[in-house]
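Numbering (the working numbering), first residue to last: 602 to 793.
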Amino acid sequence: MARPHTYDPGLHERVVDALSKGATMRDAVAVAGGEWRTFCRWLKAGRIAIENAARPPGVKLREGGDPRFTNLARDVDRALRESDVALVGMIRAAAQGMPRVEAAEGRPEQRAIPGDWRAAAFLLEFRAGASLRRAQLTKTKAEAEVATKRADGTLIDKHDVTSGGKPIGDLTMEEIDARIAAAEQRRRERGG
């Protein structure tokens with residue numbers, strides 16, 4: 602088994618800096634000189650530790666959390682949110698255009714930049730898709746959890762079979778026999 606990489610606070614800072622400038626997570630890790638899989642393990646361990654810390658006493662904790670990485674997880678999530686807000690601001694500014702700026706001492710005159718409807722359309726499309734992306738993420742996480750539990754043999758499928766509003770398991774043998782006889786009678790009457 603490979604020895605885990607040693608946590609590097611400098612890498613942490615470089616990744617967060619790149620993310621805050623709008624880089625994807627994979628690119629931020631690469632530019633910072635990190636190893637992608639190791640970074641993902643650190644991030645997952647930090648997020649699980651944060652989730653475990655928020656659980657009420659007595660609730661079973663998720664395995665794999667490591668409090669050494671909570672700051673990394675918080676900083677990465679914050680940098681991603683701040684970058685998104687900054688990018689939305691840029692798109693909004695592009696949609697509105699820039700007014701003409703008069704020349705001032707030491708600055709040349711800047712001409713007006715007209716607004717671009719495509720930036721506004723992109724922002725509208727992006728915002729409309731946010732709830733859909735959240736729903737897809739929730740569904741994907743649930744499917745992954747089911748698949749993991751199924752693979753581990755810990756998945757419990759619950760199916761209640763009822764007959765006339767009463768679960769089959771609660772019927773007496775006489776009631777079951779009577780229902781079978783009634784079903785057979787209905788089948789004969791239909792000609793089956």
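Every residue, glycine too, gets a C-beta built ideally from N, C-alpha and C.
Same chain, Cβ closer than 6 Å to residue i, neighbours up to 5 away in sequence not counted
i	result
residue 680	617, 620, 621
residue 640	630
residue 695	717, 720
residue 667	646, 650
residue 602	Note that residue 602 has pLDDT 42, beneath the 50 cutoff, so the model's placement of it is unreliable and no number is given.
residue 752	none
residue 778	none
residue 790	none
residue 706	none
Supposed contact pair residue j and residue i - C-beta distance, whole angstroms, cut 8 Å
i	j	result
residue 698	residue 716	3 Å
residue 801	residue 623	Since the displayed the chain opens at 602 and closes at 793, residue 801 lies outside it and no answer follows.
residue 608	residue 708	Not confirmed; about 46 Å, so no contact.
Whether residue i touches residue j by CB criterion (7 Å)
i	j	result
residue 720	residue 757	no
residue 633	residue 612	yes
residue 662	residue 653	yes
residue 598	residue 687	Outside the shown range of the chain (602 to 793) lies residue 598, about which nothing can therefore be said.
Residues bridged to residue i [DSSP beta-bridge criterion]
i	result
residue 705	708
residue 714	699
Close Cβ partners of residue i (< 7 Å) along its chain, the five nearest in sequence each way excluded
i	result
residue 665	645, 646, 649
residue 750	756
Own chain, CB closer than 8 Å to residue i, minus 5 neighbours either side, in chain order
i	result
residue 746	none
residue 656	662
C-beta neighbour in chain D for residue i, strict 7 Å
i	result
residue 663	Checking the listed chains, one finds no chain D in this structure; it contains a single protein chain.
Proximity test, residue i beta-carbon vs the ligand GDP heavy atom, cut-off 6 Å
i	result
residue 646	Questions concerning the ligand GDP fall outside what the structure shown contains, since it holds no ligand whatsoever.
Practice problem: Examine the Cβ distances between the region 705-716 and the region 635-655 and report whether three or more of them are shorter than 8 Å. | Solution: Judged by Cβ distances under 8 Å, the region 705-716 makes no contact with the region 635-655, as fewer than three pairs qualify.
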